[in-house]
Amino acid sequence: MYNKLLKIEDLELSFKMYEGISYVLKKINLDLNKGEKVALVGESGSGKSVTTKLILGLLNQKNVTKKGKILFNDRNILNLSQNEFKKIRGNNITIIFQDPIAALNPVFKIKDQFYEVNLNDKKMSKKDSFIRACEALNKVSIRDPERILESYPFQLSGGLAQRVVITMAMINKPELLLADEPSTALDVKIQNQALDLMDDLTRETNTAVLLITHNMGVVRKFAEKVYVIYRGVIVEEGTKKQLFKNPGHPYTKALLESIPKLSGDGLPTHDNNPPDYALIPKYVH
Amino acid sequence: MNIFKTKYFYKYSRNPLSVIGLVIVTIVISLALLAPYITPFPEHVGPFTDFANKSKPPSWKYIFGTDKIGRDIFTRVVFGYRISLTLGFVVLSIAVPIGVAMGLCAGYIGRKTELILMRITDIFLAIPALVLALSIIGLLDRPNLFYTMIAVSMAWWPWYTRLIYNITRSIKTEGYITAAEIMGASKLHIMFREILPNCLPSLLTKITLDLGFVILVGSSLSFLGLGAQSPTPDLGTMVAKGASFLPDTWWFSLFPGFAILIIVLGFNLVGDGLKDMFDVDV
Amino acid sequence: MIKISNISKKFFIKNTIVKALQDINLIIEEKDCFAIVGESGSGKTTLANIILGIYQQDNGDIWFEKNQLHRKRSLYQRKLIQYVQQNPMSTLNPKKTILNTISLPLKIHNVVNKNQITERVKTLLSYVGLEPEFMVRYPDTLSGGQKQRVAIARALAAEPRVLILDEPTSALDVIVQSKVLNLLLKLKKEFNLTYIFITHDLSVVRNIANKVIVMNKGKIEESGNTKNVFLNPQSQYTKELIKAIPTVLDEEDALKPK
Chain Y
13 MYNKLLKIED
23 LELSFKMYEG
33 ISYVLKKINL
43 DLNKGEKVAL
53 VGESGSGKSV
63 TTKLILGLLN
73 QKNVTKKGKI
83 LFNDRNILNL
93 SQNEFKKIRG
103 NNITIIFQDP
113 IAALNPVFKI
123 KDQFYEVNLN
133 DKKMSKKDSF
143 IRACEALNKV
153 SIRDPERILE
163 SYPFQLSGGL
173 AQRVVITMAM
183 INKPELLLAD
193 EPSTALDVKI
203 QNQALDLMDD
213 LTRETNTAVL
223 LITHNMGVVR
233 KFAEKVYVIY
243 RGVIVEEGTK
253 KQLFKNPGHP
263 YTKALLESIP
273 KLSGDGLPTH
283 DNNPPDYALI
293 PKYVH
Chain P
3 MNIFKTKYFY
13 KYSRNPLSVI
23 GLVIVTIVIS
33 LALLAPYITP
43 FPEHVGPFTD
53 FANKSKPPSW
63 KYIFGTDKIG
73 RDIFTRVVFG
83 YRISLTLGFV
93 VLSIAVPIGV
103 AMGLCAGYIG
113 RKTELILMRI
123 TDIFLAIPAL
133 VLALSIIGLL
143 DRPNLFYTMI
153 AVSMAWWPWY
163 TRLIYNITRS
173 IKTEGYITAA
183 EIMGASKLHI
193 MFREILPNCL
203 PSLLTKITLD
213 LGFVILVGSS
223 LSFLGLGAQS
233 PTPDLGTMVA
243 KGASFLPDTW
253 WFSLFPGFAI
263 LIIVLGFNLV
273 GDGLKDMFDV
283 DV
Chain D
7 MIKISNISKK
17 FFIKNTIVKA
27 LQDINLIIEE
37 KDCFAIVGES
47 GSGKTTLANI
57 ILGIYQQDNG
67 DIWFEKNQLH
77 RKRSLYQRKL
87 IQYVQQNPMS
97 TLNPKKTILN
107 TISLPLKIHN
117 VVNKNQITER
127 VKTLLSYVGL
137 EPEFMVRYPD
147 TLSGGQKQRV
157 AIARALAAEP
167 RVLILDEPTS
177 ALDVIVQSKV
187 LNLLLKLKKE
197 FNLTYIFITH
207 DLSVVRNIAN
217 KVIVMNKGKI
227 EESGNTKNVF
237 LNPQSQYTKE
247 LIKAIPTVLD
257 EEDALKPK
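Protein chains in written order, with our numbering: chain Y, 13 to 297; chain P, 3 to 284; chain D, 7 to 264.
As structure tokens, this is what we get:
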């Protein structure tokens, strides 16, 4: 029994608001091995995005209540101080977001943003940072990296920006890469390229990936293991093959059936009164 | 609908200063409205002299003391609030509609309208409010409260134009505006029934903050002798007239001055509270 | 029913000329569900905006039955072609109730008398599966799917003959998307509507459109019956596009071009 890279145990999250308490995560359990590619699939409101925020220590407001454990290399990081998190973020755990251009600071050139990231690893001069960034961009088949580094984010196309962001996230060889809907804002072809790139880079450094998405097609292309989340509850867990060949939980089945198929047999009909999926027990393959 | 139970009031009351501001403003407005009934000497507001009781320091009978000709300062301060608040409301009733209408038109109708209207607005914005008001009053024959109100309104409308223009420009590309255009809604409808309602939070906040500033500017003008004329009680005039008698009869200037401070502070606190509650930037 | 001939449009962005549309020709027949697919920058949204009268084309004409459509059009012409937008979050005025929002087209086009408006709004909401109690609510209390339903009800209010739907379900969750698409097909049948459906999602097109054109950088790459275009794509671009679809079943993979 070797230790897992990331183990989330009975994680609970609730927000206190004017209207009452909102329970966003209700005792979820999830784990990742080193180098494993795991997808957390759910629709909006499922709680999948806040999970990444908790892993990065980004939810610390007064009205937030957290319970349970997030074990990263056997260390509980759920309630670490911000100083401790600063050491981990950008180094051991990095994240890429849905809209690559929005994730980059619009008033700084790409080379300056690489500099910020490189500093996490060790102190280096701007010149060395530039060289290091060039090498990294070259490796991912970006031609004329010098021009890219001297550009501002708005000058890049969506696809190119995503490749830059992925490269930035991987340059310090993190142990865990969080990808929050990394391809939703992009066209399908570019989406595939971005996923391929992530695959190549993470394979090389044995980086584990936690992919957050609502797109089952992306899950099928990229993930090895899948967790399906519905309204703060994990309803199904299994390998990619198990999930797509034999979905167990009614919610997973509903998700897969709802997707329009290339065979063109028309749209599925819907149950007007679906059951409360959260009440049906979790299906484990 | 109980206003105190709404989500808005909950958010507003998170900040104790905002609540204090609201209390101050409520008290001042109530005092002003009920002035004739709650002040001990309402007749001191008109032509009245009582040299036997002149320059008396604060006492139980005359809470703020009496002035040079024997009038009760407390009564006059409360009536002075009436003048200040009237000034505030009248000025904004003129400035806001003009400014809002211009801002909407400049922001939405088209490039030419935008250029003309905004250039005019920029010219007015370049001149400080006090200077502009002074110039306008200078053009008119005798200074009085009415002229003061007109002058200050002229200095004030451009700020509303700028505010509404900015909001209009940022909203006009929103989906619901495009939807209304495609549907065939008239420009007038879109400006006043689609865009304007979305300006209300910023507008209300700015109006509240401005009430304080208008009163301050108005008081400054009357301090210079340009506001309401004797015997009408005007806070700024009272401060000015009493200034030469400091520090012996300190109560001549202190209480009116303090009264100005309180009302301006009150409106500022409420305005800031609204700013946080609506989460806007004015 | 709608004839588009030789439409071209250029934009000037930051000292460069962008040829958004080049010589576009197409014919949309009554009761079609006509899909326009393409990646971002293909010109599909520009084309929709020209049909809607938001932009003016540089060259070419648009014909609706026997009449030409210009950017400045009559109220009646506006009534005939209505629009459902991509982003449900910004398509409803946050300061207006649902009743108010749906009443607008009813008032502008004088569809019913003043005192019948509330009743008609109730009916329209029922068509899209929403209860009357939604009338008094504000958009911020509605989910994405509900907002989009309101947008559809609003589009139907003017009793149009053509609906232009610009990525109407792209911002919605998968299950909600499926329900809304079902609703759209049902309404099309019930009210004999013609749909112009703009999207980048080929799987959706495969299941709801009878005709499709594939756009690439302002030009039409391929067009025809949906079935033919998918089973037998002629252009390399179309083949690449179909191959890139994120399918979920092995059977689907078998249907992709080699």
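Note that beta-carbon positions come from the ideal geometry of N, C-alpha and C, so glycine has one too.
Every value quoted in this text rests on a predicted model; they were computed, and no experiment measured them.
Check the Cβ of Asp101 of chain D against every Cβ in chain P and list those closer than 8 Å, keeping chain order. Sequence index remark: in the third sequence, residue 101 of chain D carries index 95 (1-based). Looking at the sequence shown, residue 101 of chain D is not Asp but Lys. Simply Pro199, Asn200, Leu202.
Using three-state DSSP, classify Met3 of chain P as helix, strand or coil. As a first step, residue 3 of chain P is located in the second sequence; it is residue number 1 there, counting from the start. Legend: pLDDT at Met3 of chain P = 48, less than 50; position of this residue unreliable, no value from coordinates given.
Under a Cβ-count criterion, where at least 16 other Cβ atoms within 10 Å of its own Cβ denotes burial, should Met104 of chain P be classed as buried or exposed? As a position in the second sequence, residue 104 of chain P is number 102, starting the count at 1. Counting Cβ neighbours within 10 Å, Met104 of chain P comes out buried, since at least 16 surround it.
Give the DSSP-derived three-state secondary structure of Ile183 of chain Y in the structure shown. One-based indexing of the first sequence puts residue 183 of chain Y at position 171. Coil.
Scan the segment 21 to 76 of chain D and note each continuous alpha helix (DSSP H) run of 4 residues or more that stays entirely inside, going in chain order. DSSP runs (the alpha helix (DSSP H)) wholly in the segment 21 to 76 of chain D: 50 to 58.
Report the rounded CA-to-CA distance for Phe91 of chain P versus Ile85 of chain P, giving the unit in angstroms. Here residue 91 of chain P corresponds to residue number 89 of the second sequence, with the count starting at 1. Here residue 85 of chain P corresponds to residue number 83 of the second sequence, with the count starting at 1. Their backbone Cα atoms lie some 10 Å apart in a straight line.
Span separating the alpha-carbon of Lys9 of chain D from that of Thr253 of chain D: Locating residue 9 of chain D in the third sequence gives position 3, where the first residue counts as 1. Locating residue 253 of chain D in the third sequence gives position 247, where the first residue counts as 1. Rounded to the nearest angstrom, the gap between the Cα atoms of Lys9 of chain D and Thr253 of chain D is 34 Å.
Tell me where the beta strand (DSSP E) around Ile226 of chain D begins and ends. Taking the third sequence and counting its residues from 1, the one referred to as residue 226 of chain D is at position 220. It spans 225 to 231 - the beta strand (DSSP E) in which Ile226 of chain D sits, taken as one unbroken run.
Would you kindly check if the distance between the Cβ of Phe234 of chain Y and the Cβ of Asp211 of chain Y is under 8 Å? The residue labelled residue 211 of chain Y in the question sits at position 199 within the first sequence. The residue labelled residue 234 of chain Y in the question sits at position 222 within the first sequence. Contact: yes.
Using a Cβ-Cβ distance under 8 Å, would Asn97 of chain D count as near chain P? Looking up residue 97 of chain D in the third sequence gives position 91. Here residue 97 of chain D turns out to be Thr, not Asn, going by the sequence shown. By this cut-off, Thr97 of chain D is an interface position.
Would you call the segment 269 to 277 of chain Y and the segment 88 to 95 of chain Y touching, i.e. three or more CB-CB distances under 8 Å? At 8 Å Cβ cutoff, the stretches do not touch.
Distance, Cα to Cα, Lys61 of chain D vs Lys174 of chain P? Counting from 1 along the third sequence, the entry for residue 61 of chain D is found at position 55. Counting from 1 along the second sequence, the entry for residue 174 of chain P is found at position 172. Before going further, note that residue 61 of chain D is Tyr rather than Lys in the sequence given. Taking the straight line from one Cα to the other gives about 15 Å.
8 Å is my cut-off, CB to CB: does Met120 of chain P come that close to chain D? Translated into the one-based positions of the second sequence, residue 120 of chain P becomes position 118. No, Met120 of chain P lies away from the interface with chain D (no Cβ there is under 8 Å from its Cβ).
In the segment 169 to 191 of chain D, which residues sit with their C-beta less than 8 Å from some C-beta in chain Y, listed in chain order? Asp179, Val180, Ile181, Val182, Gln183, Ser184, Lys185, Leu187, Asn188, Leu191
On a CA-only basis, which of P:Phe254, P:Arg144, P:Leu211, P:Met240 is nearest Val266 of chain P? Give me that one, please. Translated into positions along the second sequence, residue 266 of chain P becomes position 264. Taking only the C-alpha atoms, the option nearest Val266 of chain P is P:Leu211.
Quick one: what's Glu248 of chain Y bridged to in DSSP? Numbered from its first residue, the first sequence carries residue 248 of chain Y at position 236. Partner(s): Y:Val240, Y:Tyr295.
Where Tyr295 of chain Y and Tyr35 of chain Y are concerned, what is the direct C-alpha to C-alpha distance, given to the nearest angstrom? Here residue 295 of chain Y corresponds to residue number 283 of the first sequence, with the count starting at 1. Here residue 35 of chain Y corresponds to residue number 23 of the first sequence, with the count starting at 1. Looking at the two C-alpha atoms, the distance is approximately 22 Å.
Does the beta carbon of Ala164 of chain D come closer than 8 Å to any beta carbon on chain P? Against the third sequence, residue 164 of chain D aligns to sequence position 158. Yes, because at least one Cβ of chain P sits closer than 8 Å to the Cβ of Ala164 of chain D.
Applying the 10 Å Cβ sphere with the 16-neighbour rule, what's the burial state of Asp199 of chain Y? Locating residue 199 of chain Y in the first sequence gives position 187, counting from the first residue. Asp199 of chain Y comes out buried.
Distance check for Lys63 of chain P and Phe53 of chain P, CA to CA, integer angstroms please. Within the second sequence, numbered from 1, the residue matching residue 53 of chain P stands at position 51. Within the second sequence, numbered from 1, the residue matching residue 63 of chain P stands at position 61. Near 16 Å, if we compare the C-alpha coordinates of Lys63 of chain P and Phe53 of chain P.
How would you label Ser130 of chain P, buried or exposed, when you count the other beta carbons within 10 angstroms and need 16 or more for buried? Within the second sequence, residue 130 of chain P is the residue found at index 128, counting from 1. The question names Ser, yet the displayed sequence has Pro at residue 130 of chain P. Pro130 of chain P is exposed by the Cβ-count criterion.
Sort out for me which residues DSSP pairs Gln110 of chain Y with in a bridge. As a first step, residue 110 of chain Y must be located in the first sequence, where it is residue number 98. Its beta-bridge partners do not exist; DSSP assigns none.
What does DSSP give as the partner residue(s) for Gly32 of chain Y in the beta ladder? Position 20 of the first sequence, counted from the start, is the residue given in the question as residue 32 of chain Y. Looking at the DSSP assignment, Gly32 of chain Y forms a beta bridge with Y:Met29.
Arg84 of chain D and Ile184 of chain P - do their beta-carbons sit closer together than 8 Å? Position 182 of the second sequence holds residue 184 of chain P. Position 78 of the third sequence holds residue 84 of chain D. Yes; because the gap between Cβ atoms is below 8 Å, this pair is in contact.
Within 8 Å (strictly less), CB to CB, does Pro252 of chain D reach chain Y? On the third sequence, residue 252 of chain D is found 246 positions in, with the first residue counted as 1. The beta-carbon of Pro252 of chain D is placed less than 8 Å from the nearest beta-carbon of chain Y.
Would Ala108 of chain P pass as a contact of Leu119 of chain P if the rule is Cβ separation under 8 Å? Position 106 of the second sequence, counting from 1, holds the residue named residue 108 of chain P. Position 117 of the second sequence, counting from 1, holds the residue named residue 119 of chain P. Yes, the pair counts as a contact, with Cβ atoms nearer than the cut-off.
List the DSSP bridge partners of Met221 of chain D. Locating residue 221 of chain D in the third sequence gives position 215, counting from the first residue. Answer is D:Gly44, D:Ile226.
Is Met13 of chain Y close to chain D? Criterion is C-beta to C-beta, closer than 8 Å. Residue mapping note: residue 13 of chain Y aligns to position 1 of the first sequence, counting from 1. Residue confidence for Met13 of chain Y is low, a pLDDT of 46 falling below 50, so the modelled location carries little weight and cannot support an answer.
Would the segment 41 to 56 of chain D and the segment 24 to 33 of chain D be scored as touching if the rule is three or more Cβ pairs under 8 Å? yes
Is Val156 of chain D close to chain Y, meaning its C-beta is less than 8 Å from at least one C-beta of that chain? Within the third sequence, the letter at position 150 stands for residue 156 of chain D. Closer than 8 Å: no.
Where does Tyr14 of chain P fall in DSSP's three states? Here residue 14 of chain P refers to the residue found at position 12 when the second sequence is read from its first residue. Note: Tyr14 of chain P maps to helix in three-state DSSP.
Given that a residue counts as buried once 16 or more other Cβ atoms are within 10 Å of its Cβ, and exposed if not, what is Leu248 of chain P? The residue given as residue 248 of chain P occupies position 246 in the second sequence. Exposed: under 16 other Cβ atoms inside 10 Å.
Which residues in chain P have a C-beta closer than 7 Å to the C-beta of Pro111 of chain D? List them in chain order. By 1-based counting over the third sequence, the position of residue 111 of chain D is 105. Close to Pro111 of chain D, with beta-carbon spacing below 7 Å, are these residues of chain P in chain order: Met185.
Drop a sphere of 10 angstroms on the beta-carbon of Glu31 of chain Y, count the other beta-carbons inside from all chains shown, and report buried for 16 or more, exposed for fewer. Numbered from 1 along the first sequence, position 19 holds the residue referred to as residue 31 of chain Y. The residue is exposed, with fewer than 16 neighbouring Cβ atoms inside 10 Å.
Determine which residues share a DSSP beta bridge with Arg171 of chain P and list them. As a first step, residue 171 of chain P is located in the second sequence; it is residue number 169 there, counting from the start. DSSP lists no partner for Arg171 of chain P.
CB contact flag (Thr77 of chain P, Val30 of chain P, <8 Å): Counted from its first residue, the second sequence places residue 77 of chain P at position 75. Counted from its first residue, the second sequence places residue 30 of chain P at position 28. Cβ atoms of Thr77 of chain P and Val30 of chain P: not closer than 8 Å.
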